[in-house]
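Residue numbers (our numbering), protein chains in the order written: chain A, 23 to 339; chain B, -17 to 426.
Quick notes on the structure that follows.
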Amino acid sequence: MMRAREILVAAVAAAAILLLTLAVPWLRFVFTIAIAKGITVLGILVLLRAGQVSFGHALYLSFGAYIVAFAAPFCPEALLLLPLAALGATLLGLVIGLFVSRYRDIFFGMLNLALSMVFYSTLEKFYSITHGTDGIRLARTTFLGMTLTPETQAWTALGLALLLAAVFAILVRIYLESPMGHGLSAIKTREARLEFMGISAQRVLLAAYVLSAFMAGCGGFIVAMATRQVTPSLAYWTASGELVFIAILGGTGSVLGPFLGAIAYELTRVYAAALFAEGWQMILGAVLLLVILFAPGGLWSILRRMARQRVGRDARP
Amino acid sequence: MAFECIGSTLTRREAFAAMGVGALVLSGRLAQAQAARPSELRVGIATYLSGPASVFGVPGKQAAELLIEELNAAGGIAGVKVRPIFVDEGPGVDHFVGEYRRLVQSENVNILFSAISSADCLACAPLADELKRPTLLWDCGTQRIFEEGKYEYAYRTQANATPEILAPLLYLLRVKPDFKTVAVVNQDYAWGRDSWSLFKTGLETLLPGVKVVAELFPKFGATDFSTEVTRLLALRPDVVLSTSWGGDLDTFIRQSADRNLFERSTFVLPLAESSLQRVGKALPAGHIVGARGDHWFLHPSPKDPALLKRFTDSYQARFGAYPIYPCHHMAQAVFAMKAGYEKAIAAKGGAWPNDAELAAAFRGLEFPSLTASVKIREDGQGLENQIVGTTFHSDKYPFPVMTDMVVFEAAKITTPVGQKSVDWLKTLTPEVIKTLPAPVAFKG
């Protein structure tokens, strides 16, 4: 029942996004970036189930984006670059995950932050390879062998973004309902009980961590395809903070929360920047404060409350 | 608890509908007859309004407001008033690319000035061609743009890193031809690395045998340079190069001054013109200062002294500071826009040009700057003179001014069309130092 409704909501939202991008071309880029971030935030949402906040997930997004930027001259096929970026981010996530999954709470968050900043510094230090903050321009890519023009590449990025978003939303939903997913909630409530049941909490968290890195790698692929200029600022700690911001803004109640949060965040930023070129950060900050004060469950909880009220009203004779 | 019933789908649909309406409102007019004379000329200006680079972005914006007001008071461009729309480069490339698209596709700007960050310029030059909107690269430094790409709609109204670094190097080789050791303290990011590689290549070609005793790259935005200063005090290099800017440079200058580093080494600071008013006389006399162009409010030989004086006075009266190089760069973009439109209108016999005709007008365009004139070459790169001087303490100003100023002719120090800067720098000969114009002293 509710699964059907959620799918319906997602389908309507996807259709709305496509219609809007057709009507208002400049929004296509904004939505593409928003969905790419939404996919990455989905991974953060999974970790939040275990009560763990990663302040460094931009690492995997930027790692995926850099893999695309470096590989594109040799392998321009988008459908190969995507798995390559995902695989690279997954492997990195596995290596780092083996280490950070031993830690909890502030240590988990800070270690992730530190490692993402190590990657950021690496990008700066290996200037001759990465061009430092100037970044790397993405070479021409192909899709199923067809060379993409900037216009078709932008549509490809949006199309793939929507497709990936749908696949990952379903995947994460199934995952969270599985024993592995419930294991995450157990880490949050009482980890020792999980261990008493003979389940390794570290493994449960590691699996979630690797999954989140995998999704972030895909997000990085989309960001690279959409901006076509990959710079280290993607790995900077503010980029990771932005992802956590989106997670809080959207709410962790549903797999659609991250996408709702990401779209709200990007639109708020664009609108605020359009109206107040000099003070847009203040508007963004005010929005987050209001959400935290009045809707601790995020935008998703606001929508849910509104839906409930309506159901209540309808039920009255 | 994990998945709540989401209730009626209508709510969501309403929410998205509301969002869509909002987006359409922002999108403005989508269609505009390009060749018709517009009621106003919209110019999108990308600059830093937040973050460390706002030390350049804000003066640039102020100069734009001042100059566009003056331009409009004089009747605008061919009778059309100009309206600037500013966007912030602060949040990074992925935000900037979205803002660029918004300016073109939603605000429907006629022309763009973009940007201060080299990464933003590298990202927007191909976008200019894709969206077919004339774009003037007004302040970014990287020489890669026109050396690695060809663009129909992107033009640069200023020099690039190569002449901006070569001019201080040539000046140094002239005033201190016998130095043996050099150390560098640059910010650890693309500009710091790029400018050092240009300087080093030029130095190895023109004065082989100079020893590089330290290559220090403190992190961008560093507030403590005690390690660097200690190393430099121990190493005693003859020359210290720093292409840093903003707060980094201010702090480095102050901390070096506190520990008397300036007495032991000659400093070469190619961007220090923009820091002089902030550091004041903490920066001692006798060190080499550049300005990313021939930008100096006390330029010894401006082409139109009245223009420079009027701009300097009105800027100073309004904003309480002397204009620094980004103000000059912005002036060049504004003057280039005016000259470009006038050329395109004249070529069309008085009719208003479309985007392609306007873009084509910038190729080969020569337009005035506040101090001289700038010519846009056939590859889109601007030819801009460079001024380099030595600091001097005068009673007339509370900060150091330049003396022994040399104005370098743009064509001689800019990489020729079709060549890469690093390769070209290797072909230089010491003859180039001998043909430099004589230095001009500060006149109180």
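The C-beta atom is built at its ideal place from N, Cα and C for all residues, glycine as well.
Query: Straight-line gap, T171(A) to M247(A) (C-alpha atoms, nearest Å); Result: 12 Å
Query: Test: A317(A) CB closer than 8 Å to a CB of chain B; Result: no
Query: Assigned exposure category for R300(B) - 16 Cβ within 10 Å defines buried; Result: exposed
Query: Host alpha helix (DSSP H) of E353(B) (start-end); Result: The residue asked about is misnamed: residue 353(B) is Thr in this sequence, not Glu. Neither: T353(B) is in no alpha helix (DSSP H) and is coded neither H nor E.
Query: Supposed contact pair Q251(A) and L180(A) - C-beta distance, whole angstroms, cut 8 Å; Result: That belief does not hold up - the Cβ atoms of L180(A) and Q251(A) are roughly 18 Å apart, past 8 Å.
Query: Listed by chain order, chain A residues near A264(B) by CB distance under 9 Å; Result: Per Cβ cutoff of 9 Å: no residues; A264(B) is ~28 Å from chain A at best.
Query: DSSP state of P421(B) mapped onto helix, strand, coil; Result: coil
Query: Cβ-based neighbour list, I268(A), same chain, cut-off 7 Å, excluding 5 preceding and 5 following; Result: K59, V63, P280, G283, A284 and Y287
Query: Delimiting residues of the beta strand (DSSP E) encompassing M219(A); Result: Here M219(A) belongs to no beta strand (DSSP E), and DSSP marks it neither H nor E.
Query: I305(A), DSSP secondary structure in three states; Result: helix
Query: Proximal residues of chain B, C-beta to C-beta of A295(A) below 7 Å; Result: V69, D70 and E81
Query: Residue from Q175(A), T290(A) and W322(A) whose Cα sits closest to the Cα of G307(A); Result: T290(A)
Query: Touching by the beta-carbon criterion (3+ pairs, under 8 Å), the region 29 to 42 of chain A and the region 96 to 103 of chain A; Result: no
Query: Listed by chain order, chain B residues near V12(A) by CB distance under 7 Å; Result: Residue coverage of chain A in this structure runs from 23 to 339, which leaves residue 12(A) outside it and unanswerable.
Query: Beta-carbon proximity check, N336(B) vs A110(B), cutoff 8 Å; Result: no
Query: Neighbour-count burial assignment, E81(B), 16 or more Cβ in a 10 Å radius; Result: buried
Query: Unbroken stretches of the beta strand (DSSP E), 3 residues or longer, contained in the region 155 to 207 of chain B; Result: 163 to 167 and 193 to 198
Query: Interfacial residues, the region 146 to 175 of chain A to chain B, with Cβ spacing under 7 Å; Result: E146, Y149, H153, G154, T155, D156, G157, R159 and P172
Query: Alpha carbon of L253(B) to alpha carbon of G123(B), nearest angstrom; Result: 12 Å
Query: Proximity to V122(A) [Cα-Cα], best of S138(A), A208(A) and Y142(A); Result: S138(A)
Query: Chain B contact for I55(A) (CB, 8 Å cutoff); Result: yes
Query: Reference S208(B), options D220(B), G72(B), W227(B) and N242(B), closest by Cα; Result: N242(B)
Query: Residues near M132(A) by beta carbon distance below 8 Å, same chain, minus five either side; Result: F77
Query: Chain A contact residues for H77(B), given Cβ-Cβ distances below 8 Å; Result: R291 and A295
Query: Classification of I151(A) by the beta-carbon crowding that lies within 10 angstroms, buried from 16 upward; Result: exposed
Query: Reduced DSSP secondary structure (H/G/I, E/B, other) of Q224(A); Result: helix
Query: Neighbour flag for Y171(B) against chain A, beta carbons, 8 Å; Result: yes
Query: For A28(B): DSSP bridge partner residues; Result: V69(B)
Query: Entirely enclosed beta strand (DSSP E) segments - the region 29 to 114 of chain B, minimum 3 residues; Result: 63 to 70 and 93 to 95
Query: Beta carbon proximity, V414(B) to chain A, threshold 8 Å; Result: no
Query: Any chain A beta carbon closer than 8 Å to A101(B); Result: yes
Query: Strand pairing of T164(A), partner residues [DSSP]; Result: E99(A) and T169(A)
Query: One or two residues paired with I358(B) in a DSSP bridge; Result: G364(B)
Query: CB contact check: F77(A) to chain B, cutoff 8 Å; Result: no
Query: Selection of the region 224 to 258 of chain A by Cβ proximity to chain B, strictly under 9 Å; Result: V245, A248, T249, R250, Q251, V252, T253, P254, S255, L256 and Y258
Query: Closer than 8 Å to chain A by CB, S88(B); Result: yes
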